Amino acid sequence: MNTIKKQRFFRLFLALCCLFTASCLFGCNTRSSDADTSSIPEETKESAASTRSAGTKNVQATTEAPTTIAETTDRPDETASPALSQVTLINRSSWQSNGRYFCQIDAEVKNESGSELTDWEVRIPFSCPITLDGNWNGTYRIEENTLIVQAVDYNKNIPTGQTLTFGFIVASDTEPDLGDAQKQVCLFISGKEYYGPSTRLEESEIPGNSSGQDDTKNPDSPHVSANGRPGGRPSAGNSSAAASPSSPGGSGGNSSRPPALGDNGNPFGTHGALSIAGPDLVDQNGALYQLRGVSTHGLAWYPEYVNADAFRTLRDDWGANVIRLAMYTGEYGGYCTGGDREQLKQRIRDGVAAASDLGMYVIIDWHILSDGNPKTYENEAKDFFAEMSSSYAGYDNVLYEICNEPNGSSWADVKSYAESVIPVIRANDPNAVVIVGTPTWSQDVDTAADDPLAFENIMYSLHFYAATHGDNIRSKLLSAREKQLAILISEFSICDASGNGAVDYGQAEAWYDLIKNNNISYVGWSLSNKQETTALLKPGCSKLSGWTDDDLSETGLWLKSKLLNDAAQ
Numbered sequence: 017m018n019t020i021k022k023q024r025f026f027r028l029f030l031a032l033c034c035l036f037t038a039s040c041l042f043g044c045n046t047r048s049s050d051a052d053t054s055s056i057p058e059e060t061k062e063s064a065a066s067t068r069s070a071g072t073k074n075v076q077a078t079t080e081a082p083t084t085i086a087e088t089t090d091r092p093d094e095t096a097s098p099a100l101s102q103v104t105l106i107n108r109s110s111w112q113s114n115g116r117y118f119c120q121i122d123a124e125v126k127n128e129s130g131s132e133l134t135d136w137e138v139r140i141p142f143s144c145p146i147t148l149d150g151n152w153n154g155t156y157r158i159e160e161n162t163l164i165v166q167a168v169d170y171n172k173n174i175p176t177g178q179t180l181t182f183g184f185i186v187a188s189d190t191e192p193d194l195g196d197a198q199k200q201v202c203l204f205i206s207g208k209e210y211y212g213p214s215t216r217l218e219e220s221e222i223p224g225n226s227s228g229q230d231d232t233k234n235p236d237s238p239h240v241s242a243n244g245r246p247g248g249r250p251s252a253g254n255s256s257a258a259a260s261p262s263s264p265g266g267s268g269g270n271s272s273r274p275p276a277l278g279d280n281g282n283p284f285g286t287h288g289a290l291s292i293a294g295p296d297l298v299d300q301n302g303a304l305y306q307l308r309g310v311s312t313h314g315l316a317w318y319p320e321y322v323n324a325d326a327f328r329t330l331r332d333d334w335g336a337n338v339i340r341l342a343m344y345t346g347e348y349g350g351y352c353t354g355g356d357r358e359q360l361k362q363r364i365r366d367g368v369a370a371a372s373d374l375g376m377y378v379i380i381d382w383h384i385l386s387d388g389n390p391k392t393y394e395n396e397a398k399d400f401f402a403e404m405s406s407s408y409a410g411y412d413n414v415l416y417e418i419c420n421e422p423n424g425s426s427w428a429d430v431k432s433y434a435e436s437v438i439p440v441i442r443a444n445d446p447n448a449v450v451i452v453g454t455p456t457w458s459q460d461v462d463t464a465a466d467d468p469l470a471f472e473n474i475m476y477s478l479h480f481y482a483a484t485h486g487d488n489i490r491s492k493l494l495s496a497r498e499k500q501l502a503i504l505i506s507e508f509s510i511c512d513a514s515g516n517g518a519v520d521y522g523q524a525e526a527w528y529d530l531i532k533n534n535n536i537s538y539v540g541w542s543l544s545n546k547q548e549t550t551a552l553l554k555p556g557c558s559k560l561s562g563w564t565d566d567d568l569s570e571t572g573l574w575l576k577s578k579l580l581n582d583a584a585q
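Going by the working numbering, the sequence shown opens with residue 17, and the numbers climb by one from there.
Next comes the structure, spelled out in structure tokens:
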């Protein structure tokens with residue numbers, strides 16, 4: 017009997033041990049799961065790009081380093097989950113408009129792993145119902161107050177050591193609790209949830225800029241003039257247009273402010289509003305000034321280069337002072353041929369914001385090409401420039417290029433178009449510099465010089481491709497200047513007109529001598545890694561900023577050297 021009791025006791029003891037062990041394992045798994053869903057810093061939510069890249073997309077609202085608002089220390093054990101990426105979200109701007117709260121947020125996902133990351137997704141829960149007021153570099157949807165951002169075709173892969181950027185603007189009826197959201201943000205790679213080792217939430221150091229305040233009315237802001245009005249350019253009685261974070265028609269997304277005068281560390285801060293004096297471009301003090309910089313490729317196709325870091329690289333490492341935002345109108349994905357108009361306008365906003373925050377000049381380019389005659393989409397152009405000029409009436413650094421390359425049309429056609437579009441811009445922005453294309457793919461500036469437009473502050477564009485266009489086109493430029501026509505080379509490259517073929521260094525130097533001797537402003541084509549000679553980056557370069565000389569094509573190296581040479585003068 018004692019033996020039986022001992023056997024029963026021993027079996028009961030074994031059962032209890034098994035139950036205890038299972039309980040411990042279950043409890044550990046439960047705690048690990050809780051950490052997975054609650055300890056992810058939400059800081060990845062606030063930033064606004066520039067970018068864009070892609071786009072347009074990657075907007076930076078200040079040149080100062082952002083400060084950390086909150087740092088989550090309750091992170092999961094990093095030994096349990098590999099540190100595959102770092103996600104940084106920056107709150108570029110917060111404001112109130114018409115009783116609603118707005119936040120413009122940039123996000124950067126840095127791949128610090130040893131292999132390429134594929135099919136990223138970021139989920140950002142908010143404490144209140146939200147609507148999406150603008151977005152770039154991703155596909156977006158909202159599910160039960162959670163913003164879900166997924167990769168698009170051109171940025172689905174993140175190479176090792178590279179950073180991808182996206183951004184968005186959210187609106188809500190109540191002020192969102194970003195501190196609470198930081199504890200919930202989740203990053204997924206190829207459908208699996210991961211945690212960044214140093215995820216953080218940052219806010220740009222904009223004096224007076226805090227959620228719940230209209231910072232455009234704060235006279236202490238470095239982006240606002242002393243009298244509380246943004247910028248210095250007259251705005252035709254609409255002084256609030258440029259300061260409003262939302263663009264006309266309710267299509268928000270313009271949350272940046274005009275760049276600040278008096279900051280000698282950037283081009284606009286030193287030179288201010290530009291104007292035309294005879295055949296010359298002059299700054300706010302009447303001194304000769306030369307715009308020199310880079311054009312994006314089509315915003316519908318290469319939006320990823322519209323970002324603040326890319327523009328900063330061009331400004332600081334190349335000596336550029338202007339960015340041209342090329343928005344095609346008639347090609348596949350063009351503004352007038354089935355493209356996503358709101359997305360394209362958002363990429364313009366992103367680019368203007370990024371350039372403005374860096375104190376650079378920026379050209380909004382209505383990039384006609386296959387449409388030939390600018391009158392083809394004249395009504396669409398008037399609506400577009402009415403919206404843009406209303407949004408940027410206070411931005412003295414913004415120039416408007418109303419027809420890239422008219423072709424198959426006469427100067428009479430172009431002039432008629434310009435006489436229709438320019439008054440639309442002038443109604444909002446009386447003193448802005450407007451750039452007008454000329455016939456034969458912007459080569460016939462001599463024809464325009466014989467019958468110029470009767471507006472002030474007008475420049476006429478001339479384009480050349482050095483291996484195709486030589487003395488004949490240079491003679492047209494000099495002839496037009498003699499007749500007091502102000503010329504801007506708003507697009508050029510040093511190969512042939514196809515955009516491909518060998519670089520013609522001899523003709524390129526002949527053009528550069530003419531540019532330098534006559535103080536002609538110039539903008540090189542194009543900021544992309546496209547498989548063609550005109551692309552400034554090598555086809556294999558996946559960087560979106562911070563390029564070294566090894567990343568540059570022949571054209572990129574040549575243009576960078578000229579920009580740096582002129583910047584040093």
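Every residue gets a Cβ at the ideal spot worked out from N, C-alpha and C, and that includes glycine.
Because the structure is a prediction, the values reported are computed rather than measured.
**Report entry** contact_flag[the region 299-310, the region 533-546] where n(CB pairs < 8 Å) is 3 or more
**Finding:** With the cut-off at 8 Å, the region 299-310 and the region 533-546 touch.
Query - Pro164 versus Asp149: straight-line alpha-carbon distance, rounded - result: Position 148 of the sequence shown, counted from the first residue, corresponds to residue 164. Position 133 of the sequence shown, counted from the first residue, corresponds to residue 149. Position check: residue 164 holds Ile in this sequence, whereas Pro was assumed. Ile164 and Asp149: Cα-Cα distance of roughly 14 Å.
Query - Cβ neighbours of Thr89 in the same chain (closer than 6 Å, five flanking residues each side left out) - result: Within the sequence shown, residue 89 is the residue found at index 73, counting from 1. At Thr89, the pLDDT of 33 sits below 50, so the modelled position is not reliable; the number obtained from the coordinates is stated separately. Result list for Thr89: empty, nothing under 6 Å.
Report task. Keeping to the same chain, check which residues put their C-beta closer than 8 Å to that of Trp574; ignore five residues upstream and five downstream. Result -> Looking up residue 574 in the sequence shown gives position 558. Ile510, Val519, Tyr521 and Ala524.
Report task. For the region 326-334 and the region 285-301, state whether three or more C-beta atom pairs, one from each stretch, are separated by less than 8 Å. Result -> With a cut-off of 8 Å, the region 285-301 and the region 326-334 do not count as touching, because too few Cβ pairs lie within range.
Requested in this report: Could you tell me whether the Cβ atoms of Gly453 and Tyr476 are closer together than 9 Å?
Outcome: Within the sequence shown, numbered from 1, the residue matching residue 453 stands at position 437. Within the sequence shown, numbered from 1, the residue matching residue 476 stands at position 460. Contact flag set, yes.
Query - Residue span of the beta strand (DSSP E) that contains Gly540, given as start and end - result: Along the sequence shown, read from residue 1 onward, the residue named residue 540 stands at position 524. From DSSP, the beta strand (DSSP E) with Gly540 extends over Ser537 to Leu543.
**Report entry** Residue closest to Ala483, alpha-carbon to alpha-carbon, out of Arg497, Ser514 and Leu501
**Finding:** Your numbering for residue 483 matches position 467 in the sequence shown. Check the Cα spacing between Ala483 and each of Arg497, Ser514 and Leu501: the tightest is with Ser514.
Query raised in the report: Around the C-beta of Ser109, are 16 or more other C-beta atoms found within 10 angstroms, so that it is buried, or is it exposed?
Result: In the sequence shown, residue 109 corresponds to position 93, counting from 1. Using a 10 angstroms sphere on the CB of Ser109, the tally of other CB atoms reaches 16 or more, which defines it as buried.
Requested in this report: Alpha carbon to alpha carbon, how far is Pro439 from Leu469? Give it in angstroms, no decimals.
Outcome: If you number the sequence shown from 1, residue 469 lands on position 453. If you number the sequence shown from 1, residue 439 lands on position 423. When only Cα atoms are considered, Leu469 and Pro439 end up about 12 Å apart.
Requested in this report: Name the one or two DSSP bridge partners that Gln120 has.
Outcome: Here residue 120 refers to the residue found at position 104 when the sequence shown is read from its first residue. Answer is Ser109 and Ile185.
Query raised in the report: Going by DSSP, what residues sit across from Glu417 in a beta bridge?
Result: What you label residue 417 is simply residue 401 of the sequence shown in a count that begins at 1. Looking at the DSSP output, Glu417 bridges to Asp381 and Ile451.
Query raised in the report: Quick one: what does DSSP say Asn488 is sitting in, helix, strand or coil?
Result: Walking along the sequence shown from the start, residue 488 turns up at place 472. Here Asn488 sits in helix by DSSP.
Query raised in the report: How close, in whole Å, do the beta carbons of Asp460 and Lys492 come, if the pair is a contact with beta carbons under 8 Å?
Result: On the sequence shown, residue 460 is found 444 positions in, with the first residue counted as 1. On the sequence shown, residue 492 is found 476 positions in, with the first residue counted as 1. Taking a contact as a CB-CB distance under 8 Å, the pair Asp460 and Lys492 counts as one, their CB atoms being some 7 Å apart.
Query raised in the report: For the candidate residues Tyr393, Ser558 and Thr564, whose alpha-carbon lies nearest to that of Thr329?
Result: The count along the sequence shown starts at 1 and reaches residue 329 at position 313. Among Tyr393, Ser558 and Thr564, the Cα nearest to that of Thr329 belongs to Thr564.
**Report entry** Residue(s) in a DSSP beta bridge with His479
**Finding:** Here residue 479 is taken as the residue at index 463 of the sequence shown, counted from 1. His479 has Glu507 as its beta-bridge partners, per DSSP.
**Report entry** Cross-strand partners of Gln166 (DSSP beta bridge)
**Finding:** The residue given as residue 166 occupies position 150 in the sequence shown. Answer is Glu137 and Thr155.
Query raised in the report: What's the C-alpha gap between Leu297 and Gly130?
Result: Along the sequence shown, read from residue 1 onward, the residue named residue 297 stands at position 281. Along the sequence shown, read from residue 1 onward, the residue named residue 130 stands at position 114. Between Leu297 and Gly130, the C-alpha separation is close to 50 Å.
Query raised in the report: Using a Cβ-Cβ cut-off of 6 Å (strictly less than) and excluding sequence neighbours within five positions of Ser49, which residues of its own chain qualify?
Result: If you number the sequence shown from 1, residue 49 lands on position 33. For Ser49, the predicted structure reports a pLDDT of 31, less than 50, and the residue's modelled location is therefore unreliable. A value from the coordinates is still provided. So the list is empty, once near-sequence residues are dropped.
Requested in this report: Out of Arg139, Gly115 and Pro455, state which residue places its alpha-carbon closest to the alpha-carbon of Tyr156.
Outcome: Your numbering for residue 156 matches position 140 in the sequence shown. Closest by alpha carbon: Arg139.
Requested in this report: Flag Pro283 as yes if its beta-carbon sits less than 9 Å from any beta-carbon of chain B, otherwise no.
Outcome: Looking for chain B here will not work: only one protein chain is present.
**Report entry** Contact set for Thr456: own chain, Cβ-Cβ below 7 Å, skip 5 residues either direction
**Finding:** Translated into positions along the sequence shown, residue 456 becomes position 440. Same-chain partners within the cutoff: Asn423.
Query - Classification of Ala448 by the beta-carbon crowding that lies within 10 angstroms, buried from 16 upward - result: Translated into the one-based positions of the sequence shown, residue 448 becomes position 432. Only buried fits Ala448, as 16 or more other CB atoms lie within 10 angstroms of its CB.
Query - CA-to-CA distance, Asp566 to Ser188, given in whole angstroms - result: Stepping through the sequence shown from its first residue, residue 188 is reached at position 172. Stepping through the sequence shown from its first residue, residue 566 is reached at position 550. When rounded, the separation of the alpha-carbon atoms in Ser188 and Asp566 is 46 Å.
Query raised in the report: For Ala465, which residues from the same chain have a beta carbon less than 6 Å from its beta carbon, with the 5 sequence-adjacent residues on both sides left out?
Result: Sequence index remark: in the sequence shown, residue 465 carries index 449 (1-based). Sequence-distant Cβ neighbours of Ala465 in its own chain, meaning closer than 6 Å and more than five residues away, are Ala496, Lys499 and Leu501.
Query raised in the report: According to the neighbour-count rule (16 or more other Cβ atoms, all chains shown, within 10 Å of its Cβ), is Thr104 buried or exposed?
Result: Sequence index remark: in the sequence shown, residue 104 carries index 88 (1-based). Thr104 should be labelled buried.
Query raised in the report: Which residue comes first and which comes last in the beta strand (DSSP E) that contains Asp462?
Result: One-based indexing of the sequence shown puts residue 462 at position 446. Unbroken run through Asp462 is the alpha helix (DSSP H), Val461 to Asp466; no beta strand (DSSP E).
Report task. Identify every run of the alpha helix (DSSP H) within the region 276-319, keeping only runs that are complete inside it and at least 4 residues long; order them along the chain. Result -> Runs found: 283-287.
Query raised in the report: Which class does Ile146 belong to by DSSP, given the choice of helix, strand or coil?
Result: Start at 1 with the first residue of the sequence shown, and residue 146 comes out as number 130. Here Ile146 sits in coil by DSSP.
Query raised in the report: So, helix, strand or coil for Tyr411, using DSSP?
Result: Stepping through the sequence shown from its first residue, residue 411 is reached at position 395. In the structure shown, Tyr411 sits in coil (DSSP, three-state: anything other than H, G, I, E or B).
**Report entry** Nearest-angstrom Cβ-Cβ length linking Ile380 and Met404, presumed shorter than 8 Å
**Finding:** Residue 380 sits at position 364 when you count from the first residue of the sequence shown. Residue 404 sits at position 388 when you count from the first residue of the sequence shown. Their Cβ separation, rounded to whole angstroms, is 6 Å, which keeps Ile380 and Met404 in contact under 8 Å.
Query - Alpha-carbon to alpha-carbon, Asn395 and Ile418 - result: Here residue 418 refers to the residue found at position 402 of the sequence shown. Here residue 395 refers to the residue found at position 379 of the sequence shown. In this structure, the straight-line span from the alpha carbon of Ile418 to that of Asn395 is close to 12 Å.
Query - Cβ-Cβ separation, Phe400 to Ile441 (assumed contact under 8 Å), whole Å - result: Numbered from 1 along the sequence shown, position 425 holds the residue referred to as residue 441. Numbered from 1 along the sequence shown, position 384 holds the residue referred to as residue 400. That belief does not hold up - the Cβ atoms of Ile441 and Phe400 are roughly 10 Å apart, past 8 Å.
Report task. Mind checking who Cys202 pairs with in its DSSP beta bridge? Result -> For this step, residue 202 is matched to residue 186 along the sequence shown. For Cys202, which the question treats as bridged, DSSP gives the partners Arg139.
Query raised in the report: Does the Cβ of Asp412 have 16 or more other Cβ atoms within 10 Å, making it buried, or fewer, making it exposed?
Result: By 1-based counting over the sequence shown, the position of residue 412 is 396. Asp412 is buried by the Cβ-count criterion.
Report task. Could you spell out where the beta strand (DSSP E) holding Leu341 opens and where it closes? Result -> As a first step, residue 341 is located in the sequence shown; it is residue number 325 there, counting from the start. Residues Val338 to Tyr344.
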